[in-house]
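*Asks:* Encoded as structure tokens, here's the structure I'll be asking about.
Right, here's the structure in full:
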């Protein structure tokens, strides 16, 4: 079987062996983080730290840190051939001590670099790496991890809550940023997610990064959880707490580019080591450095980083950022396919799935490239899910449009099912949709303030009934009206206003209904799980379709016009009556209708319905 060959375990398992060197150079090492970096070890009778760094074009490398007063001559490293890996053991080095590598380039310049494989880092604006211990954490999620091995997420409900730790909620009145620590965030978010009915939390940008405004997408530490919110151990405890509360954890991973900061990966040994040397492809549209995916050592770096979070941190899924920039040079189809990068992502996903068959791998990809979710063994890229950016753009455009023009744009809500089964899609309403002048989800709804909320409720019911797993960014669920800003917390105080409070309650009810109704998720990726009942009501802006798991049936009916639609005849077969199970215009949620009569008779294959303006109704059969 192609895929993963694990490195040998030696008497001193931290030392670099021949097989390690071979796999690392070939671009097929998924555990190189066990050999490179800084590791607390027992070497004979001495305790200390074993350091190892790849710097093939360096003339010399030494370790500098708190333990040697940053003396460049105190601890020289030994060069290991053939790949140019430098190693040394320093007795007496302890946990939490800071260090860097002093690299003498071929030009004779001394440069000081953070450790690419460091497990922890100094709090910004400091740039040193820190020695830490990630091997002696006591996990309590054994039951979750056992269940995860048999998890078939394609047939399960998945409602993902995307969150940015630094701006979800903050401590008021503090002189520092007021960030919640990983521990504090764990206590607050697990309770909230359970109450709201989400199944997963997706963490934005938790790998170390220097600039808050990059949101964690321009990294300097691919193996380091950001120290903004606490220690590596505390992040592990956060994930452990989520699992104890039956909440899956997904993290963002950036295999495309990295921060240009001089102390990190850029020109690491005085040469373009991790990045392309050519500026036309070496620099991304964000000004960051593009990874050179054709280089074996770079491939091993990235695939072992992904495996590291899945293995060491028990992360349940990885969302890979900007995959269009992997597929095409600079993300531009006109420049052609980057075959080396495509091969890299395919082989990485193949290896990750060999090691972790049931974890979730999703791609943020807006291209029409074929086979993103097709298995790697069948020539695809090997992702489990592809973000359906087409669905997201078409749907939000529709709801921005004035009702009088929605007949013209009727097809925007039917088009998604024309291509839906080409890949396995996830429906995203992510952070990217609520920044940079794009307006929040609630704001995107047409009309004035009070007109937006009935549309938002109907919109979300359409999203949750549509095939595909769901992702919703924090703040969307409270009807946030201010665009997201990483420098401040969400506007939780708006929940004191009834229109926001009832919307929040509606989202809670919708989530709980979704996760307890298999008909809405079990056959997301099978033709048998969906059928249109009516998709030709252009003038009335009515849509109707059915979802089923093969046992139960849910009928979803939508009126997206600004007028009540009375006497609408819904075509429905094999049913005697319909029962209302959720209605967006119920007075409970701030709507205009009290549903005292829950059942509707079906006569001659038709149910006659009176539909409120801007409304959605789920019926059970």
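In our numbering, the protein residues as written are 7 to 627.
No residue lacks a Cβ here, since even glycine has one placed at the ideal position from N, Cα and C.
(1) From 253, 379, 502, pick the residue whose C-alpha is nearest to that of residue 320; which is it?
(2) For the region 504-513 against the region 594-614, do three or more pairs of beta-carbon atoms, one drawn from each stretch, fall closer than 8 Å, so that the two count as touching?
(3) Do you know how far the Cα of residue 138 is from the Cα of residue 99?
(4) With burial defined as no fewer than 16 other Cβ atoms inside 10 Å of the residue's Cβ, what is the status of residue 614: buried or exposed?
(5) Closer than 8 Å is the cut-off here; do at least three beta carbon pairs connect the region 214-226 with the region 262-281?
(6) As a quick exercise: from 92, 34, 68, 71, pick the residue whose alpha carbon is nearest that of residue 21.
(7) Which residue wins for smallest C-alpha separation from residue 624, given the options 525, 126, 541?
(8) Suppose the cutoff is 6 Å on Cβ atoms and the five residues either side in sequence are ignored; what does the same chain contact list for residue 17 look like?
(9) Looking at the unbroken beta strand (DSSP E) that takes in residue 553, where does it start and where does it end?
(10) Tell me the residue span of the beta strand (DSSP E) that contains residue 5.
(11) DSSP state of residue 492, grouped into three classes?
(12) Taking the continuous alpha helix (DSSP H) assigned at residue 350, which residues delimit it?
(13) Can you tell me whether residue 129 is buried or exposed? The criterion is at least 16 other CB atoms within 10 Å of its CB, across all chains shown.
(14) Buried or exposed: where does residue 353 fall if 16 or more other Cβ atoms within 10 Å of its Cβ makes it buried?
(15) Considering only C-alpha positions, which residue in the set 58, 49, 34, 35 is nearest to residue 43?
(16) Residue 21 CB to nearest chain C CB: under 8 Å?
(17) Whole angstroms is fine: what's the gap from residue 517's alpha carbon to residue 205's?
(18) What are the uninterrupted segments assigned as beta strand (DSSP E) that are 3 or more residues long and contained completely in the region 216-294, given in chain order?
(19) How would you write the range of the beta strand (DSSP E) that residue 537 sits in, first residue to last?
(20) Any idea if residue 556 is buried or exposed, counting beta-carbon neighbours within 10 angstroms, 16 or more meaning buried?
(21) Would a C-beta distance cut-off of 8 Å place residue 616 and residue 573 closer than the cut-off?
(22) Which of helix, strand or coil does DSSP assign to residue 105?
(23) From which residue to which residue does the alpha helix (DSSP H) around residue 585 run?
(24) Mind checking who residue 45 pairs with in its DSSP beta bridge?
(25) Quick check on residue 65: does DSSP put it in helix, strand or coil?
(26) Examine the Cβ distances between the region 443-462 and the region 475-491 and report whether three or more of them are shorter than 8 Å.
(27) If you scan the region 135-178 from start to end, which runs of the beta strand (DSSP E) of 3 or more residues do you find wholly inside it?
(28) So if DSSP puts residue 475 in a beta bridge, which residue, or which two residues, is it bridged to?
(29) Between which residues of its own chain and residue 48 is the CB-CB distance below 8 Å, once the five residues before and five after are set aside?
(30) Taking one C-beta from the region 226-242 and one from the region 297-305 each time, how about it: are there three or more such pairs within less than 8 Å?
(31) Hey, residue 64 and residue 275 are a contact pair by Cβ (cut 8 Å); roughly how many whole angstroms apart?
(32) So residue 368 packs on residue 432, CB below 8 Å; how close in whole Å?
(33) Reducing DSSP to helix, strand and coil, say where residue 299 ends up.
(34) Just the C-alpha distance for residue 162 and residue 425, rounded to the nearest angstrom, thanks.
(35) Measure the beta-carbon distance from residue 155 to residue 269 and round it to whole angstroms, keeping in mind my assumption that it falls under 8 Å.
(36) Do residue 196 and residue 248 count as a contact pair if the criterion is CB distance below 8 Å?
*Replies:* Judging by the given coordinates:
(1) It is 253 whose Cα lies nearest to the Cα of residue 320.
(2) As far as the Cβ criterion goes, the region 504-513 touches the region 594-614, which means the pair count is three or higher.
(3) So the alpha carbons of these two residues sit roughly 11 Å apart.
(4) Looking at its Cβ environment, which holds fewer than 16 other Cβ atoms inside 10 Å, residue 614 is exposed.
(5) With a cut-off of 8 Å, the region 262-281 and the region 214-226 count as touching, because enough Cβ pairs lie within range.
(6) Nearest C-alpha to residue 21: 92.
(7) Of the candidates 525, 126, 541, 525 places its Cα closest to the Cα of residue 624.
(8) Unreliable placement is indicated for residue 17, whose pLDDT of 48 sits below 50; the coordinate value is still reported in the next sentence. The beta carbon of residue 17 sits closer than 6 Å to none of the beta carbons in its chain outside the five residues before and after it.
(9) First-last of the beta strand (DSSP E) with residue 553: 548-554.
(10) Residue coverage of the chain in this structure runs from 7 to 627, which leaves residue 5 outside it and unanswerable.
(11) Judged by DSSP in its simplified three-state form, residue 492 adopts coil rather than helix or strand.
(12) Where residue 350 is concerned, the enclosing alpha helix (DSSP H) stretches over 345-361.
(13) Flag for residue 129 reads exposed.
(14) So residue 353 ends up on the buried side.
(15) Nearest option by C-alpha distance: 58.
(16) The chain inventory of the structure shown lacks chain C, comprising one protein chain alone.
(17) Here the alpha carbons of residue 205 and residue 517 stand approximately 9 Å from one another.
(18) Within the region 216-294, the complete beta strand (DSSP E) runs of at least 3 residues are 227-231, 254-259.
(19) Run containing residue 537: 536-543, per the beta strand (DSSP E) assignment.
(20) Exposed.
(21) If you check the CB distance, residue 616 and residue 573 come in under 8 Å.
(22) Correct three-state label for residue 105: strand.
(23) Run containing residue 585: none in the alpha helix (DSSP H); it sits in the beta strand (DSSP E), 583-589.
(24) Paired residues: 56.
(25) Judged by DSSP in its simplified three-state form, residue 65 adopts coil rather than helix or strand.
(26) Yes, the region 443-462 touches the region 475-491.
(27) Fully contained in the region 135-178 are the following beta strand (DSSP E) runs of length 3 or more, in chain order: 165-169.
(28) Residue 475 is bridged by DSSP to 432.
(29) Same-chain partners within the cutoff: there are none.
(30) At 8 Å Cβ cutoff, the stretches do not touch.
(31) The beta-carbon distance between residue 64 and residue 275, rounded to whole angstroms, is 5 Å. This is short enough to meet the 8 Å contact definition.
(32) Yes, they are in contact, since the Cβ atoms of residue 368 and residue 432 sit about 6 Å apart, within 8 Å.
(33) Under the three-state reduction of DSSP output, residue 299 falls in the coil class, being neither helix nor strand.
(34) In this structure, the CA atom of residue 162 is about 22 Å from the CA atom of residue 425.
(35) Between residue 269 and residue 155 the Cβ distance is about 40 Å, and since that is not below 8 Å, they are no contact.
(36) Yes, these two residues count as a Cβ contact at 8 Å.
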